[in-house]
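I have placed the structure first, in the form of structure tokens, so that the comments after it can refer back to it.
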Amino acid sequence: MNLSKLFEIQKKLDQRIVKEKGLEGQNLLGKKILALQVELGELANEWRGFKFWSSRQEPRTTAKCEMCDGLGNNIYFTGSYDNGTLQECSEPCEYCDGTGDDDSKNPLLEEYVDCLHFLLSIGNDLGVNRIKQKHKHRYDIETAFIHLFMGVGVISTRRDSVQEDNYKMTFSLFLRLGELLGFTWEEIEQAYYEKNKENHERQE
């Protein structure tokens, strides 16, 4: 994964947003930090592994089919009546082959990439855009999330070496979390490009 390139691509998106939203001269770091924390929560919610009270703790890696609303079949009315009741019929959804799932979308990966957008943006604000992809974190997923929340929470407007080290460590742990969630560098990078394109289209 070419992180230097991703930092540059994110910078262009951020500059466009600032210009088109009239945000020139505003310090947006605090808002970005809070946004990243919200996105981390949404990522954890899609991972579901912390939900000890639920019988569904498997990560959500497929989305609900929008054509059948996840039902797996389409219901339509036949136009005939039986005892005054309009009769309905159902057939398997042709878009999801009756599974109710949209395999083209991966909510877990999408939320991870949403986090990556804000993490890159924060790095650009701090002037830190070189991250080593090697790491020594030995955490499980749950512990990685907890430490990420703490790491993101202490990022501030200070621009000293301690702040830079904290950001780099947090980013490194985030990359480790991606591995723990089962993503490849190629998957993450491709998903980032797709979401970046979508974000530009939203601005239009």
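In this note's numbering, each residue carries its 1-based index in the sequence shown increased by 360.
The beta-carbon is built from N, C-alpha and C at its ideal position, and this holds for glycine as well.
- Counted as a single uninterrupted DSSP element, the alpha helix (DSSP H) harbouring V522 occupies residues 521 to 540.
- Nearest to D457 by alpha-carbon distance, out of K424, P467, V488, is K424.
- If you compare the alpha carbons of K557, L479, E547 with that of V398, the shortest gap goes to L479.
- In this structure, DSSP gives K424 an extended state, which the three-state scheme calls strand.
- Taken through DSSP and simplified to helix, strand or coil, S450 comes out as strand.
- Nearest to E454 by C-alpha distance, out of N433, I377, E384, L540, is N433.
- Of the residues assessed, I506 falls on the exposed side of the cut-off, its CB having fewer than 16 other CB atoms within 10 angstroms.
- At a Cβ-Cβ threshold of 8 Å, L508 and T544 do not count as neighbours.
- Excluding sequence positions up to five before and after R536, its CB lies within less than 8 Å of the CB of H495, H497, Y499, A504, all in the same chain and listed in chain order.
- D374 is classed as buried because its beta carbon has at least 16 other beta carbons within 10 Å across all chains shown.
- Sequence-distant partners of A551 (beyond 5 residues in either direction) whose C-beta falls short of 6 Å from its own C-beta, in its chain, are L469, V473.
- Non-local C-beta neighbours of G511 in its own chain, meaning closer than 6 Å and more than five positions away in sequence, comprise T530, ordered along the chain.
- Per DSSP, Q386 is not a residue of any alpha helix (DSSP H), being assigned neither H nor E.
- For N556, the number of other beta carbons within 10 angstroms of its own is at least 16, and it is reported as buried.
- A Cβ-Cβ separation of about 7 Å places K392 in contact with D485 under the 8 Å criterion.
- Looking at the DSSP output, N433 sits in a beta bridge with P452.
- The three-state secondary structure of S481, taken from DSSP, is helix.
- Burial state of F412 is exposed, judged by a 10 Å Cβ sphere holding fewer than 16 other Cβ atoms.
- Cβ contact annotation for Q523 (same chain, cutoff 8 Å, sequence separation greater than five): L486, I515, S516, in chain order.
- Between the C-alpha atoms of R490 and F534 there is a straight-line separation of about 14 Å.
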